[in-house]
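Q:
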Amino acid sequence: MQLWLFLSPPYMFQRRKVNHKSVFITAVAALLLYGLTVSGRSAFHSPSHFLQALTFSVADTTPVKPAKKPITKPALQTREGSTAQQNRMLIDTVPVKKDSVNLVDSLQRKDSMIQKIDTFDLKLSKDSIDAQVDFEAEDSMVIDIPGKQIFLYNKASVKFKDVALDAAVIRLDQPTQILTAFSTKDSTGKRIGVPAFKQAESAFTSDTIRYNFKTQRGLTIGTYTQEGEMFIYGEKVKRISPTVFFAEKARFTSCNYDTPHFAFKARKVKFISNKVAVTGLVRPEFENVPIPLGLPFGLFPMKQGRRTGLLPPQPVANDQLGFGLEGLGYYKTVGEYWDATIRANIYSYGSYSLFLSPTYRKRYRYSGGFNISYLNTKIGFKGDPDYVPPNRNFSVQWNHSLDGKARPGQSFSASVNVATSLFNRYFPNNASQNFNNTLQSSIAYQRTWAGKPYNLSVTANHSQNTNSKQYNISLPDIGFTVNTLYPFQKKELVGTPKWYEKLGVSYNGTFRNQFSFTDTTFTLKHLLDTLNWSARHSIPIQLSLPALGPLQVGPAISYDETWHSRTFVRRWNPATKSVETVSEKGFYQERQMSFGLNFSTAVFGKLDFKKGNVKALRHVIRPTFGLGYRPDMNRSKWYRSQVDSTGRELWFDKFNGSQAANIPDGRSGSINLSIDNNLEMKVRDKKDTSEAAEKKIRLIDGFGMSTSYNMLADSFALSDFNFYLRSNLFEKINLTAGANVSPYQVDTKTGFRKRQYAWQADKFSLGRFTSGFVSVSTQFKSKPKDEKKEKEKQESERNRRNNADFDEQSRELNAIQRNPGEFADFNIPWSLNLSYSLNLNRQLKLDYSGFETLITQSVTFNGDFNLTEKWKVQANGVFDIQTKTLQYLTTSISRDLHCWQLAINVTPVGIYRSFSISINPKSGLLRDLRINRSKFFYNLPE
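In our numbering, the protein residues as written are 224 to 1165.
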């Protein structure tokens, strides 16, 4: 100190002010500089307990390879310290970086005998985890170093492998590797940040979650989860593995409320995810009121998709069949592509029904199914007024479709529906099927060749009338076509093509084999006797000429040749006073050739309006005028035969047995005329406020007529007038109508035509109706309460129909028809569907004594409306206007009970009358858990 005073200059002893901030900053900077440049990082030793809290281990978490045992050799002493101190630094978990100033002896660095140990080649402790853990929190993360715990606050999230956990607060304990998550409450007392756990397909929420990272086991309190349609709650749940859980005081329900309307409760449950839940004693409860009934154990299927099992029955009661069980069955999966369902209806008076429905499906290849039904019906007992002797009926249905991507250019489909004549009549719980007397089937194969103009189709068709018990089979029906070829067209089109280059030739060939029988004449001999085949070859030639101003000109030539295997000759039998038909086998040919020249154009008309919402009317007329000639090449196929005792004779065609309406003449020189119209209206769009906002409304899609005049005929030269009308008025009312009007007078006694025109009679008339039809349909419904929900429902139904198999679609359709109340849509407040049909036809009587007029007209209705938000009334039926009777009527009343539904179905009119009341869960898994009371009886006509 004295030396320093001695060397100091005199002015240093003068009094000056001292800046304390500058002195403090200078001192701190000096200390930092000293630590960085002199002592280095080796002077600062991290506390071991801090590292343990972060890494769960003294060793580093980085996986290491086993270190080789070092070679024992005396080490040289360095300025850094002793050898023991240096070894401790090498095995520290924090890598040591030596300062460049702190030099090591060159002998030590160059000595190859000194072993160098990598600081990252460290052993892991036994309690360390084997993957990275990601933490995240919106508020903060607090590390408790003495307690070796980490806390995450506010929207905390932890991710480990495929495990994800979200909660308000998450606590991680390092020594035990247990993670705890729980929620908090806001200022209003509402719980926020409820813990949510997810691993693979398993997900649940709980009040508290404890999870062990090492063992991947956990314990939860107040857990909610969902497996398929089932909502599950457990007071305590222990997780043994990702797919196995044990629960204490568990609850099962399909109600999605926190406090469900109903549930099944069990004290102990074992869950196997997506498979099954096994319980001990289980009992139901409604509105938290336990039912004093239970089962010693319970099995709740959790597996989605196909699974083998029993199908529970539904009890019914019938005065004519007795007490019964309907729907008792068994479902069996057979391999990867097949499954089968067998159901039975059993009644106490002896009747029973069997239904076998195997289905098959191979994705991107094909799908289909069968429905084989057998009915053994016994109504009442002998001596009863409504007794019906036992009868047996069966039905076979087959549906098959080939995926279009499976075989490009080929398609195969089948829709087969064959049944005995009384099957539909005795089929229960389906009023519309009871009145269906026509069955049809079709099996079709089609083939096209890429790059070639060939097309092949092979079909088999079936039609059946259950009233007349007549079956008509067409097997096979082969068609082969060659698309239009242009023989004079150049391979490379250059410039404007010549007129002859548009000359086209095509070919159509068909072969049909037919036979018919009744259900009482089904024998091989009868089939061979009624076998009738025919083949037709048609070669049309067409030419497209350039337009002559507004006229389009199209000449056409065609040649047809038909081969027949039979002729049908009708002869009058005076003994029986009836017409008998005699068939002769052989090979017969029929040829026909025709020439035609057609002219067509279009005429446009428009009427503008300056005031009002209607802006304009647009009318388009498309007339077609044609000339045709056909030589007489088949004069021999027509013959005359007596048809009654008065000696009246009619002309018949010997190839198909049809009757000619007039004197046939194969030669024809005809003038053809047809006119088509459509009418459109342009109105102002009310939804668009701009000046140019307009939209088109089609008033009449098509209205027209057609007729022809044979200039070479000596009588009845003018053919009938054909009228038609098509319209979709205001996109609400679908209207279709057609009529055939004869221009000739008629014999009032027999109904046959006269040679005089209708307008030549004493009373002027344009003609008389010989046939006609009118069909009107409309649909009205309110807007859905929830537009988004309605779109989701339509999309879901569309996907389900595309993916559902044939058996599932058939059973769903039957279920809707039998119990419409169970499928009520409360999202649509009201809807109404109406349709009216009228058919008029004058046909020749079976005994050829004259004509008779057949008129049928009926009204079909289907509607529903909501009495309240939870009550809906539905009704559908058919009213026959001609007989002034209600053919059948089905009504239903539905009550939406949230997770349950109440339905009352009544069919008071029809062959099959019934009454049922049922209450059942909406869930498909528990749909068979229903309370049902049904009664039905047959009201068979005499």
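Think of the CB as a built atom: it goes at the ideal place given N, C-alpha and C, for glycine as much as any other residue.
Quick caveat: nothing in here was measured; it's all calculated off a predicted structure.
1) At 4 residues or longer, and completely inside the region 693-737: list those alpha helix (DSSP H) runs for me, N to C.
2) Using a Cβ-Cβ cutoff of less than 6 Å, which residues in the same chain neighbour Thr1076 once the five nearest sequence positions on both sides are dropped?
3) Are there 16 or more other CB atoms within 10 angstroms of the CB of Lys526, so buried, or fewer, so exposed?
4) Pick helix, strand or coil for Phe646, following the three-state DSSP scheme.
5) I need the straight-line Cα distance from Pro538 to Phe1159, nearest angstrom please.
6) Please report the residue range of the beta strand (DSSP E) in which Leu522 lies.
7) Can you tell me where the alpha helix (DSSP H) holding Asp396 begins and where it ends?
8) In whole angstroms, what is the alpha-carbon distance linking Ala282 and Leu375?
9) From Asn796 to Ser1060, what does the alpha carbon distance come to, in whole angstroms?
10) Should Phe734 and Ile696 be called a contact, given that it needs their Cβ atoms to be closer than 7 Å?
11) Taking the straight line between their C-alpha atoms, what separation do you get for Lys555 and Pro535?
12) Can you check whether the CB of Tyr932 is closer than 7 Å to the CB of Leu941?
13) At which residues does the alpha helix (DSSP H) containing His1121 begin and terminate?
14) Taking Asn377 as the reference, which of Val386, Ile393, Lys371 and Ser965 has the closest Cα?
15) Short of 8 Å in beta carbon distance, which residues of its chain neighbour Ile1154, apart from the five on each side in sequence? Order them along the chain.
16) Work out the CA separation of Phe1138 and Ser1157 for me, nearest whole Å.
17) Which ranges does the beta strand (DSSP E) cover as unbroken runs of at least 3 residues, wholly within the region 955-1001, from first to last along the chain?
18) If I measure Cβ to Cβ from Val837 and keep anything under 7 Å in the same chain, skipping five residues before and after, which residues do I get?
19) Assuming Leu1055 is part of the beta strand (DSSP E), what are its boundary residues?
20) Can you tell me which of Phe405, Gln422 and Ala423 puts its alpha carbon nearest to the alpha carbon of Gly416?
21) Of all the alpha helix (DSSP H) runs that stay within the bounds of the region 847-880, which reach a length of 4 or more residues?
22) I'd like to check one pair, Leu1055 with Gly1086: are the Cβ atoms closer than 7 Å?
23) Do you know offhand how far Lys986's Cα is from Gly974's?
24) Please work out which residues of its chain come closer than 6 Å, Cβ to Cβ, to Arg793, disregarding the five sequence neighbours upstream and downstream, and give them in chain order.
25) Three-state secondary structure (DSSP) at Thr682?
26) For Asn1128 versus Ser1117, is the C-beta spacing smaller than 7 Å?
27) Am I right that Thr476 and Asn511 are in contact with their C-beta atoms under 8 Å? What's the rounded C-beta distance?
28) If you draw a straight line from the alpha carbon of Phe593 to that of Thr582, how long is it in whole angstroms?
29) What do you reckon, are the CB atoms on Ala825 and Arg841 nearer than 7 Å?
30) Exposed or buried, what is Asn1166 when buried is set at 16 or more other beta-carbons lying within 10 Å of its beta-carbon?
31) Taking three-plus beta-carbon pairs below 8 Å as touching, is the region 743-759 in contact with the region 768-778?
32) Determine the extent of the beta strand (DSSP E) in which Lys459 is found, giving its start and end residues.
33) Return the CA-CA distance between Leu259 and Gln439, expressed in angstroms with no decimal places.
34) Using the rule of at least 16 other Cβ atoms within 10 Å of the residue's Cβ for burial, across every protein chain shown, is Gly547 buried or exposed?
35) Of the residues Gln983, Gln400 and Phe494, which one's Cα is nearest the Cα of Lys461?
A: By the coordinates alone:
1) Counting only runs of 4 or more residues that sit fully inside the region 693-737, no alpha helix (DSSP H) segment turns up.
2) Cβ-Cβ distances below 6 Å link Thr1076 to Arg1065 in the same chain, with the five nearest sequence neighbours on each side left out; the list follows chain order.
3) exposed
4) Reduced to three states, the DSSP call for Phe646 is helix.
5) Roughly 12 Å separates the two Cα atoms.
6) Gly521 to Pro524
7) Premise fails: Asp396 lies in the beta strand (DSSP E), Val386 to Asp396, not in any alpha helix (DSSP H).
8) With a pLDDT of 38 at Ala282, under the threshold of 50, the modelled position of this residue cannot be trusted, and the question is left open.
9) 41 Å
10) no
11) Going from the Cα of Lys555 to the Cα of Pro535 covers about 14 Å.
12) yes
13) Per DSSP, His1121 belongs to no alpha helix (DSSP H) and is neither H nor E.
14) Ile393
15) Ser1141, Ile1142 and Asn1143
16) 6 Å
17) Fully enclosed beta strand (DSSP E) runs of 3 or longer: 956-965, 967-969 and 976-980.
18) Met904 and Val906
19) Trp1053 to Leu1067
20) Phe405
21) none
22) yes
23) 18 Å
24) If you ignore the 5 residues before and after Arg793, its C-beta comes within less than 6 Å of the C-beta of Val802, Thr804, Ser864 and Phe875, all in its own chain and listed in chain order.
25) strand
26) no
27) Incorrect: roughly 12 Å between the Cβ atoms, too far for contact.
28) 6 Å
29) no
30) For the chain, the structure presents residues 224 to 1165; residue 1166 sits outside this window and is missing.
31) Contact between the region 743-759 and the region 768-778 is absent, because fewer than three Cβ pairs lie under 8 Å.
32) Met453 to Ser464
33) Residue placement at Leu259 is poorly supported in this model, since its pLDDT is 45, which falls under 50; the coordinates still yield a value, given next. C-alpha separation (whole angstroms): 46 Å.
34) Classified as buried, Gly547 has 16 or more neighbouring CB atoms from the shown chains inside 10 Å of its CB.
35) Phe494
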